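Take a look at the structure below.
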Amino acid sequence: MAKKDETLTMLKDLTDAKGVPGNEREAREVMKRYITPFADEVFTDNLGSLIAKKTGDKKGPSVMVAGHLDEVGFMVTRIDDHGYIYFQTVGGWWSQVMLAQRVTLMTRKGDLTGVIGSKPPHILPAEQRKKPVEIKDMFIDIGASSREEAEEFGVKPGDSVVPYFEFTQMKNEKMLLAKAWDNRIGCAIAIEVLKRLKGEKHPNVVYGVGTVQEEVGLRGARTSANLINPDIAFGVDVGIAGDTPGVSDKDASSKMGDGPQIILYDASMISHKGLRDFVTDTADKNQIPYQFDSLAGGGTDSGAIHLSHDGVPALSITIATRYIHSHAAMLHRDDFENAVSLIVEVIKELDADKVQEITFQ
Numbered sequence: 074m075a076k077k078d079e080t081l082t083m084l085k086d087l088t089d090a091k092g093v094p095g096n097e098r099e100a101r102e103v104m105k106r107y108i109t110p111f112a113d114e115v116f117t118d119n120l121g122s123l124i125a126k127k128t129g130d131k132k133g134p135s136v137m138v139a140g141h142l143d144e145v146g147f148m149v150t151r152i153d154d155h156g157y158i159y160f161q162t163v164g165g166w167w168s169q170v171m172l173a174q175r176v177t178l179m180t181r182k183g184d185l186t187g188v189i190g191s192k193p194p195h196i197l198p199a200e201q202r203k204k205p206v207e208i209k210d211m212f213i214d215i216g217a218s219s220r221e222e223a224e225e226f227g228v229k230p231g232d233s234v235v236p237y238f239e240f241t242q243m244k245n246e247k248m249l250l251a252k253a254w255d256n257r258i259g260c261a262i263a264i265e266v267l268k269r270l271k272g273e274k275h276p277n278v279v280y281g282v283g284t285v286q287e288e289v290g291l292r293g294a295r296t297s298a299n300l301i302n303p304d305i306a307f308g309v310d311v312g313i314a315g316d317t318p319g320v321s322d323k324d325a326s327s328k329m330g331d332g333p334q335i336i337l338y339d340a341s342m343i344s345h346k347g348l349r350d351f352v353t354d355t356a357d358k359n360q361i362p363y364q365f366d367s368l369a370g371g372g373t374d375s376g377a378i379h380l381s382h383d384g385v386p387a388l389s390i391t392i393a394t395r396y397i398h399s400h401a402a403m404l405h406r407d408d409f410e411n412a413v414s415l416i417v418e419v420i421k422e423l424d425a426d427k428v429q430e431i432t433f434q
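Quick note: the sequence shown uses our numbering, first residue 74, plus one each step.
Okay, here's the thing in C-alpha cells:
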C-alpha cells in the first residue's frame with residue numbers, strides 16, 4: 074500500500090472512529106481536531122452536532138455544509154444468563170450483511186470485541202435454512218460464560234455497539250474501503266471545504282457541520298440548522314452506486330468515479346431548482362464532473378434543514394458508494410475531491426445578490 078497522504082490519514086481517522094446515533098463523541102472529537110485549524114470558531118449545539126464557522130464577509134449570507142457524524146450500529150438491550158448480548162439496531166440494517174461480523178461494544182470499562190451469532194444452520198430444518206435469519210434471532214457473543222461475567226466486563230443495557238472494520242486503500246489506490254463512509258465522507262467534505270477556503274475571499278459565512286443522529290431521523294440537522302439559520306444549505310452524504318453486477322441503470326444509474334451526485338429528489342426533499350441549476354452551471358463552467366440521481370426512499374440531512382425556520386434552499390450532493398449500511402463500503406477518491414472542488418467554487422460565488430436570485434428563481 075502506498076504511504077498515506079494527509080487526506081487519506083484524515084479519512085482513516087474519521088472512518089475508524091466509533092460513533093453510532095446518540096454516542097457520536099469519538100467521531101466528533103476527530104472531526105473537531107481536523108476542522109479547527111481552518112475555522113474562526115468551533116462549537117456544538119445542545120444535541121451534540123459540531124459546528125465550525127468560517128467568516129468571509131460577516132454581512133454576507135450563511136452557507137451550511139452538513140455531513141453527519143453517526144454511523145449505523147446497535148445498542149445493547151439485555152444480557153442473558155449465559156452472557157450472550159441481545160441488541161436493537163440503531164439505523165437501518167439488512168439482516169443478510171450482519172451474521173458472523175465483528176463488532177465493538179463501547180462500555181464504561183473500555184471497548185470489548187464481539188461477534189454477531191445465531192443458531193447454526195447445521196441444526197435447522199431444511200426449510201428454515203433457506204430463509205434469512207431475522208435480526209430478532211441474532212445475538213452478540215463476547216466470550217462471556219454468564220451474565221455476571223459479562224457485567225464484570227462492563228457491559229450494560231444501553232451500551233453502543235459499532236461495526237468493526239479498518240480503513241483500507243485498495244490495490245487500485247483510488248478505491249477506498251471502510252466502515253462508516255455513511256457519513257464520515259460528508260464530514261470529510263465539510264473539513265476539506267473549509268481547508269480550501271483558508272486564505273480565500275468568499276462573500277459569505279460558511280458553516281462546516283457534523284450533525285448527530287441522522288440515521289434515526291435527521292435529528293441533529295434540525296437542531297443545528299435552527300441554531301445557524303442558514304440562507305443556503307448543502308447536505309453531503311453517500312449515495313447509491315449502480316455499477317455492481319445485477320444492477321441496471323433503471324435501478325441505480327450512478328457510477329463510482331464519474332463525479333458527485335446531484336440529488337434531484339428523495340423521500341425527504343425535492344431539490345431546490347434555483348440552487349440546483351446554479352450548482353450544475355458552476356460545475357459546467359469549471360469542468361467538474363457530476364451525475365444526477367434520485368431516490369424513491371431514504372433522504373439526507375437536507376430533508377430537515379430545508380424545513381427549518383421559514384425554509385432554506387437546499388441541495389444534497391452525494392458520493393456514489395457501494396455496500397452502504399454494512400461493515401465495509403467502498404467509494405472513489407476522485408468523487409470526494411470533485412465534490413469538494415464543486416462546493417468551494419459555488420461558495421465563492423454565493424453573495425447576497427446571488428442567494429436572493431437563487432431563492433426566488
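Idealized CB from N, CA, C, for every residue including glycine.
Please read all numbers here as calculations on a predicted model, not as lab measurements.
(1) Give the straight-line distance between the Cα atoms of I361 and I336, rounded to the nearest whole angstrom.
(2) Span of the alpha helix (DSSP H) holding G293?
(3) Please determine, among T391, D184, F365, the residue with the shortest C-alpha to C-alpha distance to F307.
(4) So, V149 versus L172, is the Cβ gap smaller than 9 angstroms?
(5) Using the C-alpha atoms, what's the distance from H195 back to F111?
(6) Quick check: D310 and S389, are their CB atoms within less than 9 angstroms of each other?
(7) State the start and end residues of the unbroken alpha helix (DSSP H) segment that holds F409.
(8) In the region 232-277, which residue ranges form an unbroken beta strand (DSSP E) of at least 3 residues, counting only runs that do not cross its ends?
(9) Excluding sequence positions up to five away, which residues of its chain have a Cβ less than 7 angstroms from the Cβ of M74?
(10) Could you work out which residue in M137, G129, T109, L81 is closest to T296 when comparing CA atoms only?
(11) Over the uninterrupted beta strand (DSSP E) stretch that includes E114, give me the two end residues.
(12) State the beta-bridge partners of N96 as determined by DSSP.
(13) In chain order, what residues of the same chain have a beta carbon less than 7 angstroms from the beta carbon of S399, not counting five sequence neighbours either side?
(14) Going by the CB atoms, is the gap between I420 and V437 shorter than 9 angstroms?
(15) With respect to the beta strand (DSSP E) encompassing L185, which residues constitute its N-terminal and C-terminal limits?
(16) Taking Cβ to Cβ, would you say L87 is nearer than 9 angstroms to V103?
(17) Kindly confirm or deny that the region 88-95 and the region 267-275 touch, where touching means at least three C-beta pairs closer than 8 angstroms.
(18) My parser needs the beta strand (DSSP E) runs of 3 or more residues fully inside the region 328-401; what are they?
(19) Using only alpha-carbon positions, find the residue among Y159, P318, D130 that is nearest to P230.
(20) Using alpha carbons as the reference points, say which of V163, K274, G332 lies closest to K131.
(21) Can you round the beta-carbon distance between E144 and G121 to whole angstroms, since I take them to be within the 8 angstroms contact cut?
(22) Measuring straight from C-alpha to C-alpha, what distance separates N299 and L197?
(23) Give the range of the beta strand (DSSP E) segment to which Q161 is assigned.
(24) Say whether chain C places a C-beta atom closer than 9 angstroms to the C-beta of L267.
(25) How do the region 281-294 and the region 412-432 stand: do at least 3 beta-carbon pairs fall below 8 angstroms, yes or no?
(26) Near I208, what residues of its chain come up, given a Cβ to Cβ distance below 8 angstroms and the 5 sequence neighbours on each side ignored?
(27) Enumerate in chain order the residues of its own chain whose CB-to-CB distance from F351 is below 6 angstroms, with the five nearest sequence positions on each side excluded.
On the basis of the supplied data:
(1) Reading the sequence shown from its first residue, position 288 is the one you call residue 361. Reading the sequence shown from its first residue, position 263 is the one you call residue 336. For I361 and I336, the distance between alpha carbons rounds to 16 angstroms.
(2) Within the sequence shown, residue 293 is the residue found at index 220, counting from 1. Taken as a continuous stretch (DSSP letters only), the alpha helix (DSSP H) holding G293 covers 292-301.
(3) Counting from 1 along the sequence shown, the entry for residue 307 is found at position 234. Nearest option by C-alpha distance: T391.
(4) Your numbering for residue 149 matches position 76 in the sequence shown. Your numbering for residue 172 matches position 99 in the sequence shown. Not in contact: V149 and L172 (Cβ atoms no closer than 9 angstroms).
(5) Along the sequence shown, one-based indexing puts residue 111 at 38. Along the sequence shown, one-based indexing puts residue 195 at 122. Those two C-alpha atoms are separated by around 56 angstroms.
(6) Taking the sequence shown and counting its residues from 1, one reaches residue 310 at position 237. Taking the sequence shown and counting its residues from 1, one reaches residue 389 at position 316. Yes.
(7) For the purposes of this step, residue 409 is taken as residue 336 along the sequence shown, with counting starting at 1. Run containing F409: 406-422, per the alpha helix (DSSP H) assignment.
(8) 233-236, 248-251
(9) Indexing the sequence shown from 1 puts residue 74 at position 1. The pLDDT assigned to M74 is 44, lower than 50, so where the model puts this residue is not dependable; a value taken from the coordinates is nonetheless given after this. Its chain contains Q242 as the residues whose beta carbon lies nearer than 7 angstroms to that of M74, once the 5 sequence neighbours on both sides are disregarded; these appear in chain order.
(10) By 1-based counting over the sequence shown, the position of residue 296 is 223. Of the listed residues, the one whose Cα sits closest to T296 is M137.
(11) On the sequence shown, position 41 is the one that residue 114 refers to. 114-117 is the span of the beta strand (DSSP E), which, as asked, contains E114.
(12) Numbered from its first residue, the sequence shown carries residue 96 at position 23. Answer is V93.
(13) For the purposes of this step, residue 399 is identified with residue 326 of the sequence shown, where counting begins at 1. If we look at S399 and ignore the five residues flanking it on each side, its Cβ neighbours are V170.
(14) With the chain covering 74 to 434 only, the question about residue 437 has no answer from this structure.
(15) Here residue 185 corresponds to residue number 112 of the sequence shown, with the count starting at 1. Its beta strand (DSSP E) spans residues 183-190.
(16) For the purposes of this step, residue 87 is taken as residue 14 along the sequence shown, with counting starting at 1. For the purposes of this step, residue 103 is taken as residue 30 along the sequence shown, with counting starting at 1. Yes, they are a contact pair.
(17) no
(18) Taken in chain order, the whole beta strand (DSSP E) runs of length 3 or more contained in the region 328-401 are 334-339, 364-367, 387-394.
(19) To locate residue 230, count along the sequence shown from 1; it is residue 157. For the residues Y159, P318, D130, the minimum Cα distance to P230 belongs to Y159.
(20) Numbered from its first residue, the sequence shown carries residue 131 at position 58. Minimum Cα distance to K131 is reached at K274.
(21) Position 71 of the sequence shown, counting from 1, holds the residue named residue 144. Position 48 of the sequence shown, counting from 1, holds the residue named residue 121. Not a contact, Cβ separation roughly 14 angstroms.
(22) In the sequence shown, the residue the question calls residue 299 occupies position 226. In the sequence shown, the residue the question calls residue 197 occupies position 124. Cα to Cα, the separation comes out at about 52 angstroms.
(23) Position 88 of the sequence shown, counted from the start, is the residue given in the question as residue 161. Taken as a continuous stretch (DSSP letters only), the beta strand (DSSP E) holding Q161 covers 158-163.
(24) The structure shown has no chain C; it contains just one protein chain.
(25) no
(26) For the purposes of this step, residue 208 is identified with residue 135 of the sequence shown, where counting begins at 1. Excluding residues within five positions, the ones whose Cβ falls inside 8 angstroms are T162, W166, S168, M171.
(27) Along the sequence shown, read from residue 1 onward, the residue named residue 351 stands at position 278. Excluding residues within five positions, the ones whose Cβ falls inside 6 angstroms are I431.
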